[in-house]
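Taking it in order: structure first as structure tokens, then the write-up.
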Amino acid sequence: MRLAHRRICRRRVIRWPQWPNRKPRRKKMPDVAGTWRYITCTAHDGKGNKLPDPYSPLTEGRLYLSADGRMMSVLCDHAQDFAPGQARFYSSYCGRYSSDGGTLITKVYAASDPSRVGGEQVRGVRFEGERMVLSPPPAKMGDVMQHREIYWERLSSI
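Note that the sequence shown covers residues 6 to 163 in our numbering.
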């Protein structure tokens, strides 16, 4: 700890420690605020083996991240035909987000999946050129632990 202050007391120098800043220091992250378009999602297992793409090639999505910490995300399969009994894929949620430079954490206020409401959605964040890659925590799908990466392209800045 850096010593910030001195005080003389009975001919002894007492050094007072400087109190650390209570807010965690955050790495500078590229500005995520803006509107983003879903590009693709890839998946692999715990050994790095590629898995089939989790979403249809006709999946469309938007991600909105405001400069003041609000967000909303929606993904939907726009295929025309489905097998009998097959449901259309749809996922959305919104809330307040924060970032520490490598992680995006959203406190969920509303969602298409009610079990998400009131919880947190955590995503790893990295950039590949102009694309933002979000990585949710690994999740078990069937018998396989899936690691996903969701690619987004910026449509506009705020």
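Idealized CB from N, CA, C, for every residue including glycine.
#1: Would Ser117 pass as a contact of Thr40 if the rule is Cβ separation under 9 Å?
#2: Compare the C-alpha of Arg75 against each of Glu154, Glu133, Val113 and Ala144 and name the closest.
#3: Quick one: give me the first and last residue of the beta strand (DSSP E) that Arg42 is part of.
#4: Which ranges does the beta strand (DSSP E) cover as unbroken runs of at least 3 residues, wholly within the stretch 105-162, from first to last along the chain?
#5: Counting only the same chain and skipping the five closest in sequence on each side, list residues whose C-beta sits under 6 Å from that of Tyr156.
#6: Taking 9 Å as the cut-off, decide whether the C-beta atoms of Leu63 and His83 are in contact.
#7: By alpha-carbon positions, which one of Ala115, Arg128 and Phe132 ends up nearest to Ser97?
#8: Compare the C-alpha of Leu80 against each of Ser61, Phe87 and Gly123 and name the closest.
#9: Can you check the stretch 49-107 for any beta strand (DSSP E) of at least 3 residues that lies completely inside it and give the ranges in chain order?
#10: Work out the CA separation of Gly66 and Ile163 for me, nearest whole Å.
#11: Should Ala131 go down as buried or exposed, given a rule of 16 or more other Cβ atoms within 10 Å for buried?
#12: In whole angstroms, what separates the C-alpha of Ala72 from that of Pro89?
In terms of the structure at hand:
#1: For Ser117 and Thr40, no; Cβs fall outside 9 Å.
#2: In terms of CA proximity to Arg75, Val113 leads the group Glu154, Glu133, Val113 and Ala144.
#3: Annotation for Arg42: the continuous beta strand (DSSP E) segment containing it runs Gly39 to His49.
#4: Taking only runs of at least 3 residues, the beta strand (DSSP E) segments lying wholly in the stretch 105-162 are 108-116, 125-133, 136-140, 144-146 and 149-161.
#5: Within its own chain, the residues whose Cβ lies closer than 6 Å to the Cβ of Tyr156, once the five positions on either side in sequence are excluded, are Ile44, Thr45, Arg136 and Val138, listed in chain order.
#6: Between Leu63 and His83, the C-beta spacing is below 9 Å.
#7: Checking every option, the nearest Cα to that of Ser97 belongs to Ala115.
#8: Ranking Ser61, Phe87 and Gly123 by CA distance to the CA of Leu80 puts Ser61 first.
#9: Counting whole runs of 3 or more residues, the stretch 49-107 contains the beta strand (DSSP E) stretches 64-70, 75-82 and 95-104.
#10: About 18 Å.
#11: Looking at the sequence itself, residue 131 is Arg, so the reference to Ala does not match. Answer is exposed; the Cβ neighbour count stays below 16.
#12: Going from the Cα of Ala72 to the Cα of Pro89 covers about 43 Å.
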